[in-house]
Structures are given as structure tokens and as C-alpha cells.
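First the structure, in the form of C-alpha cells, and then the observations on it.
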Amino acid sequence: MTISEINYKKETTLEPINLGQLTTLNLGPTHPATHGVFQNILQMDGERVVSSESTIGYIHRAFEKLAERRPFYQITPITDRLNYCSSPINNMGWHMTAEKLIGIETPKRVDYMRVIIMELSRIADHLICNSILGVDAGAFTGFLYIFQQREAIYDIFEEICGARLTTNIGRIGGMERDFTPSIIAKIYRFLDDYTLALKEFESLFNRNRIFMDRTIGVGGISAERALNYGFTGPNLRAAGVDYDVRVTTPYSSYNDFDFDIPIGKNGDTYDRFMVRNEEMWESLKIIRQALDKLPAGKHHADVPDFYLPPKEQVYNHMEALIYHFKIVMGEIEIPKGEVYNCVEGGNGELGYYLISDGGRMPFRLHFRRPGFIYYQAFEEMIKGSLLSDVVVTMSSLNLIAGEIDA
Amino acid sequence: MVNTAEAPEGVEGPGFFATSLDKVVGLARKHSIWPLPFATSCCGIEFMATMASTYDLARFGAERPSFSPRQADLLMVMGTIAKKMGPVVRQVYEQMSEPRWVIAVGACASSGGIFDTYSVLQGIDKIIPVDVYVPGCPPRPEQIIDGLMRIQDLVEKEPTRRRDSSEYKALLSSYGIK
Amino acid sequence: MQLTNRSKLVVNKELSWSEKLYLPAIFSGMMITIKHLFRKKATIQYPEQKREFSKVYRGKHILKRDEQGRENCTACGLCAVSCPAEAITMVSAERKKGEEHLYREEKYASSYEINMLRCIFCGLCEEACPKDAIYLTEELMPANYDRSNFIYGKDKLVQPLGTSAHPKTYKPYKK
Amino acid sequence: MEILLIDKVFLIVIVFAVSLVIALYSTLAERKVSAFLQDRLGPNRAGIFGLLQPVADGVKFFFKEDIIPNHADKALYILGPSISMITALMTSAVIPWGSYIEFDGRQIALQVADINIGILYVFAVVSIGVYGIMIGGWGSNNKFSLLGALRASSQMISYEIAMGLSIIAVVMMTGSMSLGEIVRQQHGFNWNIFYQPIGFLIFCICAFAECNRTPFDLPECEAELVGGYHTEYSSMKLGLYLFSEYINIFISSAIMSAMFFGGYNFPFMDLISSPNLLAALGLIAFFAKILFFIFFFMWVRWTIPRFRYDQLMTLGWKYLIPLALANIVVTGTVMLISSSFK
Amino acid sequence: MEEVELNKEFITSQLTSSFGHYIINSEETYGMITITVDRSKILEIMNYLYLDPKLSFTFLTDLTGVHFPEPKDELGVVYHLHNLPANIRLRIKTFFPKSDSVIDSLTSLFSSANFMERETYDFFGIIFKGHPNLKRILNVDDLDYFPLRKEYALEDSTRTDKDDTMFGRG
Amino acid sequence: MNNILFLSLSLVSIFSAIMVIFSKNPMYSILFLVLTFFTLAGHFAIFLGAEFLAIVNIIVYAGAIMVLFLFVVMLLNLNKESEPNTPMISKIAAIIAGGMFLLVLFSALTNQIYAPEPLYTKAGEIGLVKNLGKILFDEYLIPFEISSVLFLSAMVGAVMLGKKDLKQG
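Protein chains in written order, with the working numbering: chain A, 10 to 415; chain B, 311 to 488; chain C, 9 to 183; chain D, 1096 to 1437; chain E, 5 to 174; chain F, 161 to 329.
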């Protein structure tokens, strides 16, 4: 027997360490930490995760099929329910996709209004992700403090469009109504209130050693792996890649505003938390700039073929009534073609791949859901970590079931 | 398995003692409904808003969400239940201990809502009995609280022995739940 | 990877000496929470206190009457077509002689039903209506015990006679 | 002898009732305090200010279906909550609630049993308490419960050591292991906290750990283990578990006040001559301290995040135990030096 | 590495020089370069696009399927690639008949392709050769059809509360 | 009164000691062992006046060591199926070893039983912490110190063993 053989034997005897003692733990689909519904079947060695398998699709709602059977303007309420934490971004992304296909140029005022609304909903999205991370780490109170600010955002949305969460905000070609002075005042008040609330939230978490210990080095992913896994948004930025659709391909006049892209170092949970946190500050900056510079003008583009005429004209003028009927019945000229358009959603690059055959409904509409794509890295991210780490990693990724399962 | 209180001997039927006991128990249960938030999608976020400071579900004694079905009194199904999820909902319902109530929050849970698609269950009342429906997509927190108060009304009026009655058993068996 | 010149590193993972001790952060956190103990509470005690909704809130539907008490709806079906949840069904009928005080147009909806459990309150029907007939009011849809109670017919939807179109129920669309 | 027995039985019944009532209302207090810390109102619909809330919860528990899962170990499943409850209640026997009252010409000590190793007794009972959680968690035959039970037991063992060591310093100073004697020595404002701040800190942290409270609530943390060891429990068995947790908090608070904050002693107590008045005031002082600590428990719980399992172990073994040992050494040295100067 | 502008002509010529007639078509629609390729070389082409230092399309933005019932009843897979530093997006399309819906998997190149290919399989029944775990991802495992193909209905047949005769629905 | 107490305590302790061996489930064995410790502690406290010893017995054995045992059993999840088949040789060895132990015990105890002075007459003196400490640090100082050194080395050894295991795993 040679030495190499002995070594080989030693290794093989050591290899299957207590394989018989692995326990299977079913995390989900109704586990409190999943916030939505996924199943993770964990193979555990004591508290340590040896391997895992994710199952998704527990709220698969067939968005893409549904979008093929609804006229263009009816798809807006469907997009609401994709990433329901930041519905307005989904709405706007869809409007911009349709506008790109049709070739509508929106006035500056519409762009600025969209930027304000999108940044508000980005705050709402990041806020819920970060505070839920706090809840999963065991601190419930910060969540309730910051949620009051989300309630303020709801208030603003309600004033703009009439609903809190599933907003159905805006229309193809513009906004459904102009900002009233009270909305603008409310947003200004929110900017001031939120600054205080966010500072308070930060002092509860940012430098708290218990929280830092829980999150630093947990669920990390390198920039290379993250790119290979198709990460985008805050989770990619946490790994150190400053990819942001708002900057690389500016839409809705994002290049008018001055803001930074916060990035992290190792892509671990603390990085993600801090990047999201800092992005909220940047969003506040953008909103303030947009509000200060809000240009005058109409709140919609001048496209009578696609944008509903005002109601008074519909009641009183035949021409407007005809346009009205045509738009609602969907008998409008929509060009053929295929478009890919993306916006920076709460979780990353939210893409819409639209194929139109000229009919009243899209021939095919595919949503590039960032959450769906980066969720597959989860198995790799939690390998070898503790059960508690699984939970905080999961909530720091901001997994929204509606977005993942589509 | 149902071990609700047995009436003392001699008080068969709704005698005075039994009815006043029912009243007390009903009142107590009414104020201590521990929900199991079965939140799958958008309505879950509005449920968070209901739990949060502005609406504060705690005022009704219902702020302790028990994620373990054994400890819960009220199953709040919030959000779309896909056909893949259906068996899970049912299992959770079966694991809950009596008395249990179910509230379907939002259009999706109640009827499928906008998602009249091949993959979505068209209302959870196809698999488990539902006590209260809350419309809205998602319902406002006010509506969720409203739904909870409807449940409270039900709970308060329910006799302690209802769960042993043959009607109730027939209801369950019509859903195939033993 | 550096893609733009606007990136900003925001993470500092080094713990300072005092942060390592746990206690200062815990103490400052506790100071924050104790401050909230004495603060005004944010709770709105629904149902006793009601929150004010915005003027454009999309709640329960109403079928409006005009100033003379006639129903505005002409059963054109645009609302049903525009409904993404396909929750609206209606049957149209011709107005007969002598019903002019009831219906404003020649056609009217003899039955008009909204399945409130299907409805997602998106407001597209209100937007699609060319006759100033259907509106989403600020009233909330109440919860109910039975599924069949959620099919709202004309009896529940049409604005009651004698009520004026007061601002609570009447929202001018697109000012 | 017989009169003494009657006194004791009377006292035991009172202590028992008081612990139950305090634990009962601790549940309400927890909900109210958390609500107030979080800008909410908390339960306020069951009775005025929600005062009947605990009663409602209790009645609900009693009338809820009691499921014993088919796959559970029946005997252990029932034994678990019972042990938890019994051990939680046993500790109150050695706590000196007050000095003594004069009644019918006799002096009646307000302590059920002033045994000379009171502290050790407390430790023994507490160390048995973990069986309730372990047995219940194992008997449920559920993986979350089992993990919760494992966490509970390793946590308890680890923190008991640091807790014991932190107390040794106090025992060295007072020279007695009787709680009654320790409290008597802190007459007036001569409280142990001024001599043993680090000991108190360690003891306090360990008490949090022994009571499974945030930041050490790993055995039942909701986000990871659903309900931890009591995941499978319903109705009154769950009630007993939750209840025993609050009794433990109450007892821990009482021991902390007795050991470090003078128990029933309060400043300027020598100005009062009537023993009965003194006892009454002492009782009030003692309960004020206890209630403060109960509030403190809740305050901490609703402020900070929880530890991770391995961090918890690191904290216990690598920081608290050495710190406690150092505390003993320093205390010994100081005692030696000061005695040689006397 | 010299600076080259990644425009349609350059990319097409690069690809054609290596793959010749496997590159079927190239166009630019709505500001995005779209190249239709033959499915038999898809993995090689992707590999080339990934590894070529001038092209280096290293980020797979999106992968999805399309079903064209008319005129030939064929399925397609559409890839969206992104060169992040140069900020150029590229759409690769490939088509094949429904009867023979097999294509090489990209999982060896992009980890992100895993779920997306599973989803495409789940929706369209396109089989990705070499995928490590090709099974349904969103739908229930025992679904016996591929729901996003055009011939299948969207609606759930069990619902009872809708009137399909209304306004041309159904 | 005392006799009844003694008898019942002894009965319970013997019964639970037997059950430790005869219960199939290791979980139950451990719990019965804990009960045995309790009854023994009762003996110490009530009949020997050794309260300190009794309490320490409970803390150390029931509160710490048995919890660890329980911990291990829970981790390993022992049940009937996974119980390894013990070979005949070890069974025989166990019987022989047990028999020898019994012999030793018996001979030791027979000496004690006929000891001129029953132990419990000293009740109230040896059990107290003060007396115990005095004896330990006075009469038995050297054995005490030696055993503490032994203890320390055992601890160091345990730490070393644990460390090594960690590296390999």
C-alpha cells in the first residue's frame, strides 16, 4: 500500500460525515419568514444548512397569458400586482413600453411627475424590505416606526390616483390627472418627515452590533457570481457593481437629476441593507429636485388616438366621443413590432418584452422579473450558513412572491 | 378530538346555565382572536398596514399572529391562492384546532378576482368553508378590520356546542374534511 | 466593476471600540423607543374614528342619476368591456313611453350587476363611461358572510332617489 | 408550630396568587407596553383599557380544542408544560417579600422559607425548568420544536454558568447564600448594585437568556422556528407555556431586585418605626422595583434584534464567563485589601 | 484592446465571419440589434458572444419563449444579452418547429439561465438539452399541457360567477 | 413519619432506577434517571441534613449533566430502528463487568452497614456549606487540589478534542 493510497483511504472514510443525521427542514410555503410563498427544503446538519432546494410557483397567476387576452390599457392594473410593494414603477414601466412601441413623446411635466411617483414607490419598496429584515432579525419596533411613513406614501398615492397599494396610476400617454397643490404640499411634508424617520430607523439598526453581527458576512455573493446569476438592482449594487438602469439608460428624464449610485463591497446582507438604505436618501434627493424643477405644461401627451379625451368633451362633442369609444373598445392603430423596455424597479431591472401584431391586445408580453432571476442564486447563497442566516438572507433579497411567480 | 366544555349533567339543551356560559365564552373568544395570516400577495401588505401603528389590529386583541396553525383561531387567507397552493391552505385549515374561523380577504382569495386563469383557484371556498368575505383588491385596512369585526360578531353569537353539531359536521364533510 | 462615475461606497463594516461593546447602541436604541412611549399615538381607532379619504378614492360603485332623478346609464357596455376583471354584466332595454322621468337616454340597463368579489376597484369603468353614469365613491365595500351577497344589482348600485350628487359621491373626473 | 404552619400556608397561597395575577397581567402589560413603544394603542376593547384582555385569553384557551398530535409522544407532550409551570412557580418560595409584620403579638416573616442556601435552590429549580421546554419540544415530534428545544437547552446550560459566577461575587461579599440574609444586609440604601455593577450586568443578561427573552429568544423566535418548542401546542397547554414565561420574568425581576437593588429596603427606612408600616412600604418598594424590571424586560424586547445561535454561545462562553471570573477575582482582591486595612 | 463601436454591422460581421449561414437575419428595431440565428449553433454563438473580448456580452438579461401559431406553427426562444461596460443590448432569436422543440441549454454559460429555461419549458414545452433540472417551475407538476401556447385557453373552467356571453367574451 | 417518607422515597428511587434500565426509549431512561437523582437529593436533604449536597446534586447532575445527555439523545434522534445490534461478546462483557461491580459494591456496603456509628446522627453538621468548606480546605486540602488539577487537565483535554474535531469536519 502506497502513501497516496493511504491518504486516499483516509479521505474517503472522512467524507460522508454523519450523512445519516441530516435532517430535512421544510421552510415554507407558509413559514413566517418567507413573506409570501416559497418553499425551501433545507438539508440541515444541526443548525447548518448543507444543501437546499427551492420550489416556487405557489402563487403563479399566469400574468403573461392574461396580458395576451387584455387590451393595452387594461394591462396596467395587472402590472400592479407584479411587485406589489412598488406598483407605480410597474405601471410606469408598462406605459413607457407601450409608448415606445407606439412612438409617443411625453411632455417634460409628465416625465417629472413619473419620476416623483416612481421614486416615492422606490422608497416604499426599500422601506418595507429593510424594516422586514429588522423584523426577521428580531426587532419589530423599527418596522412599525418606518411603516407610518409608508402610510404617508399611501396617502400621497391615494390623492394622486385613488388607491393605496394597487395604484393603477397613470395612463399610456401621460397621467390620468394633474398634481394638485395639496399633493405637492403633501410630498414636501413627506420629504421632511421621512428624513427624521429614516434617521431614527438608522440609529436603531445601522451601527447596532447585534444587527451587524447578524448580517455581515451572511448570504454574500461576489460580483462575478452575481452578474452570472443575472442580479440587478440593489442586490447587484451591494456586490459592488454600479449598474443602475436609471443612469446607464436614462428614461423619463432621469438624467436631469443629480444623484449617486450607492454600492456595497461583498454583496452580503448588511451591504444590501445599507445600499437600500442609502438609495432611499438618494430617492429623497431626486424627489426634491424634481419637485423644485417641476415644469409647467400638460399632464399628458397630445395623442388623441391613445389618450382619453376629457370627460366634458366626451359628454358634449361627437368627435371626442368617437375617440373615447375607439380607445375603450381598443380599436386603435397599434404598430406591429417588438420592444424591450426596462426600468429600474424596486428589485432591479424590470423589463417588458412586448411583441405586437397590431391587434388590440399584445401578441406576447413577457416580464423580466428581477426577483425571479436572482432567486435562483439563493441556494448557493445560503449553503453552509445557519438557519438564522437563511431567514435574514431571504428577507434582505426582498423576494416578492408576486414578482417571482408572475 | 373536540374537547370543548361538556355541559354539567342535568343541563341538557340550552338551559340558563349553558346559555350564560355560552355568552361568557363567546365574549372571551371574541376579544382574543389570534389570526394566522396566510398572506400570499398584495393583501398581505395591506394586512401589514392593518397590523401597523396606524390601524393597529391589537385593539381587538388580535395582534399576536400565530404562524403555527395549532394556536390560531382565525385563518386569514390574503392574496391569490394558486392551484399549487390549494392543498397547503387546506392542510393548514385541517391542522387548526377548533373552534376555527376563516376569512377570505381580497378579491383573489374570495373569487379569484382579476386572475381568472388556469393556475388560480377561483375562490378558497372551493376547498375550505369561509365565514367572511372581504372584497377589495386589496381591501383597505378599514375593510380588513370590518371583516374581523364581522368575525367577532359570529364568534360572540356562536354556542360552544356548535362545533359538535351534526350541521357543522355535515358542512365539513361536504368539503371532505374529517 | 465600475460602470459609471457616480458610484459611492456606503458600507463601513469596521466596528469602533465603543460599538464593540454592544451597550451604547442598545442604550441609544432604548432611548429612541422610550421617547415613543410618550409620543402621540398614530392609531386611528376605526370604526369609531374614520380616516378621511381622498376625493378620488376608488371605493364602492354608484350609478348616478341626473338632477331630475333619471338614471344616466344608457347600457352602452363600455364599462363592461373596459373591466379587466370582467365583473360587470348588464342587460339593456329600450325605454318605453312614459319612462322618460326614469331614464335619461333611450336605452337603459334593465339589469346591471357588478360582482364585487371579482371587482378590483381599478376605476377603468368610471374612466370608460361616456355618460357620466358610473362612479367609484368613497364608500367602502363592507365585508359579508355570504358570497351571493356580493352580486350588486341596480337596487344597491343606483344612487337613491332624492339624494343630491354631493361631493362625497360625485367626483368630477379629470378637471 | 401549628400556627407557624398556618402562617406559611397562608403566605404560600398569597404568593401563589400574586405570582399568577402578576403573570396574567404581564401578558397584558407586554401587549400594552409594546403598543405604546410602537406608537400604537394596544388592546383596548376588552374592558376598560383592555383590562379584561388576559381573562378573555384565558377563557379562550380553556375552551379551545386540545389537540395532541398523532405523531407526538403523548406522555412527554403533556409533561412538558406541566414541568415548565411547576418550576416557574416553585422559585417564589425563597424570595423575601418583606421583612416581617407584627400580628397578634407575633412576628411573621414575609418569606415562605428562608433556607440557608436560597440562591442555590433558585438555581436548582431554574436548571430543572429547561426540562419543560426540552421535553415539550422533543415530545411534539416536530422539527421546529426540536430545534427550539435544542437551542433552549444549550442556551440555558451556557448562561447558567455565567449567572452562577456573577452571583458568587455577591455571595462573597455578603457571606451568605440565604436570600433573606442578603436582603437584610442591604439595609437602607446600601444596595449591592453599588458594589457589584458588573455582576448585576452579567446577571441581568443571563436572566434575559434564562427567560428566553429578546435578544435571546432563540428557542421560540417566530421568524425562524415558527413557534419554537411550542409550535405544536394549542389551548391551555400553550397557555401554560406562555404563562410560565411570564412567571419566570416576574421571578427573575424579583430576584434581581432582591439581590442587587435592596429588595424591600428603601432609603430613609429607619425613619419609620412601626414595623407593619415599614413592611407595607417595603412591600411597595419591592414591587415597584419588580414592576420596573418587568417593564425593562419588555422595553429591551421591543428595541433590539436577537442574536444568532453561535453569537449567543460566543457571548456566553467567551465574554460573560471570563468577565464574571474577573469580577470574582477583583471582588476577592478588594475584600482582602479592605479587610487588611480594617 | 482598440475601441470599436459595437453597432449592428460590426456584430453581424463578426458573427457571420465565424458562423456563416447560421446567422439568418439581423436588423435593428426600436433601438435594439436583433439577430436571428439557427438553433443548432446557439450555444456556440452565445459562447462566442460571451468570450470574444470585443463583444463580451456577459450578462444574460432575459430569456423567454414565443409561440407563433401562424403560419408555420413554430416556437421561438428570445435571448436578451447585455454588454454592461459598453451598455449595448443585443437580442438573439431562434425559431424551430413545434414538433421538434429542442434547443441547447445555456446553463453552462449563465447560471441565470437555469430558472428562465425552466420557466420557458413550463410555458411552452421547449426542451433545453443539457439543463441540469428541467422540470416545471411555476405550474403544478402534473399539468399536462404547456399553457402559454396559443391554442390553450386562459380561463379557469371551474369558475361559476361569470357570464361569458357578455360583450364577446368567452 | 420519617419512616414513611424514607420508605416512599426509597421505593420511588428504586423504581425509577430500574426504569432507567428497562425503558426502551432513551428519552424516558434519562427522565427516570433525573427522577432518581431527585429522590437521592431528597434523601440527602431530609435524612442527612445535607441540603447543600442535595441542591448541588440537583444542579450538577439533573440540571447540567442530564440536560447534556438529553441534548445528545435529541440530536441523535435515537429510536428503535436505528439502535445498533450489540454483538454477543459485548453483552457477555457487560454482564461480567456488572457482576464484578456488584461484588465490589456489596463488599463495600457490608462494611458500612455494620459501621459502629450510623452516619445520619451527625445530621445538620456535615451538610452545611461552612462545615463542608472547612473540611475540604483543612483536612482534605491535598486531595482537593489534586482533583482540581485533574479537573483542569480534563477540561483542557476536552477543549483540545473539540478543536481537533472541528478542524477535520
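All residues carry an ideal CB built from backbone N, CA and C; glycine is no exception.
Item, Value
"Cα-Cα separation, S1194 of chain D to Q1206 of chain D", "8 Å"
"Range of the contiguous alpha helix (DSSP H) that encloses H203 of chain F", "186 to 207"
"DSSP state of K16 of chain C mapped onto helix, strand, coil", "strand"
"Closer than 8 Å at the beta carbon, the chain I residues around L125 of chain C", "The structure shown contains no chain I; the protein chains it does contain are A, B, C, D, E and F."
"Residue-level contact to chain F via CB, S1179 of chain D, 8 Å cutoff", "no"
"Of the listed residues A:D314, A:R218, A:D398, A:R297, nearest to L1410 of chain D (C-alpha basis)", "A:R218"
"9 Å Cβ cut-off: residues of chain B touching T1326 of chain D", "F377, S378, R380, Q381"
"For G198 of chain E, three-class secondary structure by DSSP", "A question about residue 198 of chain E goes unanswered here, because the residues of chain E that appear run from 5 up to 174."
"Segment contact flag, the stretch 101 to 110 of chain A with the stretch 55 to 65 of chain A, C-beta cutoff 8 Å, min 3 pairs", "no"
"Endpoints, beta strand (DSSP E) assigned at F132 of chain E", "131 to 133"
"Contact set between K1169 of chain D and chain B, taken where Cβ atoms lie within less than 9 Å", "Chain B residues near K1169 of chain D: none, gap ~13 Å exceeds 9 Å."
"Member of D:P1310, D:L1260, D:I1212, D:S1273 whose CA lies at the smallest distance from the CA of V1424 of chain D", "D:L1260"
"Member of D:I1342, D:R1279, D:P1370 whose CA lies at the smallest distance from the CA of N1307 of chain D", "D:I1342"
"Cβ neighbours of V401 of chain A in the same chain (closer than 8 Å, five flanking residues each side left out)", "L142, D145, A146, R223, T224, V227, G228, T278"
"Proximal chain A residues relative to P151 of chain E, where beta-carbon distance stays under 8 Å", "A71, K74"
"C-beta atoms of C1301 of chain D and L1415 of chain D nearer than 8 Å", "yes"
"Delimiting residues of the alpha helix (DSSP H) encompassing T98 of chain E", "No alpha helix (DSSP H) contains T98 of chain E, which is instead part of the beta strand (DSSP E) from 92 to 101."
"Separation of M386 of chain B from P345 of chain B, as counted between CA atoms", "6 Å"
"Three-way DSSP call (helix, strand, coil) for M9 of chain C in this model", "coil"
"Of the listed residues A:C351, A:I68, A:G239, nearest to G389 of chain B (C-alpha basis)", "A:I68"
"Where the alpha helix (DSSP H) through L136 of chain A begins and ends", "117 to 145"
"Buried or exposed (CB count within 10 angstroms, at least 16 for buried), S21 of chain E", "exposed"
"Per DSSP, cross-strand counterpart(s) of Y143 of chain C", "C:I70"
"The stretch 132 to 151 of chain E touching the stretch 94 to 109 of chain C, judged by at least three CB pairs closer than 8 Å", "no"
"Supposed contact pair T150 of chain A and W1397 of chain D - C-beta distance, whole angstroms, cut 8 Å", "5 Å"
"CA nearest to the CA of F268 of chain A, picked from A:W290, A:D280, A:V284, A:T258", "A:W290"
"Cross-chain neighbours of V430 of chain B in chain E, by beta carbon under 7 Å", "D160"
"Under 8 Å by beta carbon: chain D residues contacting V289 of chain F", "N1211, I1212, M1272"
"Environment of K68 of chain C [buried if 16+ CB atoms lie within 10 Å]", "buried"
"Distance between T241 of chain A and D251 of chain A (C-alpha atoms, nearest Å)", "10 Å"
"Residues near D419 of chain A by beta carbon distance below 7 Å, same chain, minus five either side", "What is shown of chain A runs 10 to 415, which leaves residue 419 of chain A out entirely."
"Buried or exposed (CB count within 10 angstroms, at least 16 for buried), N1422 of chain D", "buried"
"Supposed contact pair A117 of chain E and S109 of chain E - C-beta distance, whole angstroms, cut 8 Å", "7 Å"
"Other residues of its chain near S1339 of chain D: CB distance less than 6 Å, five sequence neighbours each side excluded", "S1179, M1180, A1183"
"Among E:T33, E:K76, E:L88, the one whose alpha carbon lies nearest that of G239 of chain A", "E:L88"
"Three-state class that DSSP yields for W25 of chain C in the structure shown", "helix"
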